[in-house]
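Q: The structure's right below; bear with me while I get my questions together.
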Amino acid sequence: VIGTAITDVGVNMTPNGTNIPDLEISKGILIKATGVPVTSDCNASNEGTIVYGKSGNTGSFYGCRISAGVYAWQQF
Numbered sequence: 102v103i104g105t106a107i108t109d110v111g112v113n114m115t116p117n118g119t120n121i122p123d124l125e126i127s128k129g130i131l132i133k134a135t136g137v138p139v140t141s142d143c144n145a146s147n148e149g150t151i152v153y154g155k156s157g158n159t160g161s162f163y164g165c166r167i168s169a170g171v172y173a174w175q176q177f
């Protein structure tokens, strides 16, 4: 069954019904840089997505979220 503790991903842990995270990482996650995200790319199909956007020599993390019915990239 999709979405159960038995089928969810476990990294460095054994998935079970009492684990709060679906994924646990003990070191890090590398998110490759893209350009700064375009507002229109944040929509219902990718709500909750996290990206690393870079412009010149400045980079930031962004998350696609909805607020009052409007989708937008939120800089972290």
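Numbering-wise, our numbering comes out as the position in the sequence shown, counting from 1, plus 101. Idealized CB from N, CA, C, for every residue including glycine. Quick caveat: nothing in here was measured; it's all calculated off a predicted structure.
So, is VAL152 buried or exposed, given that buried needs 16 or more other C-beta atoms within 10 angstroms?
A: Here residue 152 corresponds to residue number 51 of the sequence shown, with the count starting at 1. The residue is buried, with at least 16 neighbouring Cβ atoms inside 10 Å.
Q: Along the chain, where does the beta strand (DSSP E) containing SER156 start, and where does it finish?
A: Counted from its first residue, the sequence shown places residue 156 at position 55. Note, SER156: beta strand (DSSP E), 151–156.
Q: What span of residues does the beta strand (DSSP E) with VAL139 cover, start to end?
A: Here residue 139 corresponds to residue number 38 of the sequence shown, with the count starting at 1. Looking at the DSSP string, VAL139 is not in any beta strand (DSSP E), and its letter there is neither H nor E.
Q: In the DSSP assignment, the beta strand (DSSP E) including PHE162 goes from what residue to what residue?
A: Position 61 of the sequence shown holds residue 162. Unbroken beta strand (DSSP E) run through PHE162: 159–168.
Q: Grouping DSSP H, G and I as helix and E and B as strand, with all else coil, what is ALA173?
A: For the purposes of this step, residue 173 is taken as residue 72 along the sequence shown, with counting starting at 1. Strand.
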